[in-house]
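Residue numbers (the numbering used here): 5 to 108. Notes to accompany the following structure.
Okay, structure coming up:
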């Protein structure tokens with residue numbers, strides 16, 4: 005399963021259902037990670053298959069986390085969700101999300 009770190013603001017917005025997309029720069033690093041997760045085909049294009057991704061707010065094992073079912077696309081993003089206007093990104097469309105954080 006692919007694990008991606010995100011900032012608290014975006015983490016909270018995804019958890020609340022307000023933010024429906026997460027953006028990653030189009031770089032070889034993400035291309036290889038998405039390919040390993042089965043989200044990019046042999047030609048470097050996004051597949052239509054959804055994948056489970058864990059979004060983590062921090063780097064430790066006990067950081068707050070969300071498990072999300074996502075599909076991948078390449079397009080411009082929304083500035084209010086952190087994208088630069090007119091710039092293309094790998095766009096993770098969030099179909100559903102579950103809070104994995106253990107709260108006491």
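Note that CB positions come from ideal geometry on N, CA and C, so glycine has one too. Keep in mind that this is a model prediction, so the values were computed, not measured.
C-beta atoms of residue i and residue j nearer than 8 Å
{"i": "residue 71", "j": "residue 95", "result": "no"}
{"i": "residue 25", "j": "residue 81", "result": "yes"}
{"i": "residue 53", "j": "residue 42", "result": "yes"}
{"i": "residue 56", "j": "residue 73", "result": "yes"}
{"i": "residue 44", "j": "residue 38", "result": "yes"}
Burial state of residue i (16 or more Cβ within 10 Å)
{"i": "residue 93", "result": "buried"}
{"i": "residue 98", "result": "buried"}
{"i": "residue 23", "result": "buried"}
{"i": "residue 11", "result": "exposed"}
{"i": "residue 78", "result": "exposed"}
Interface flag, residue i vs chain C, CB-CB below 8 Å
{"i": "residue 19", "result": "The chain inventory of the structure shown lacks chain C, comprising one protein chain alone."}
Identified DSSP bridge partners for residue i
{"i": "residue 8", "result": "59"}
{"i": "residue 73", "result": "56 and 100"}
{"i": "residue 80", "result": "92"}
{"i": "residue 44", "result": "50"}
{"i": "residue 25", "result": "97"}
Cβ separation of residue i and residue j, assumed to be a contact under 8 Å, to the nearest whole Å
{"i": "residue 58", "j": "residue 7", "result": "5 Å"}
{"i": "residue 63", "j": "residue 105", "result": "In fact, because the Cβ distance is near 15 Å, the residues do not count as touching under 8 Å."}
{"i": "residue 87", "j": "residue 27", "result": "5 Å"}
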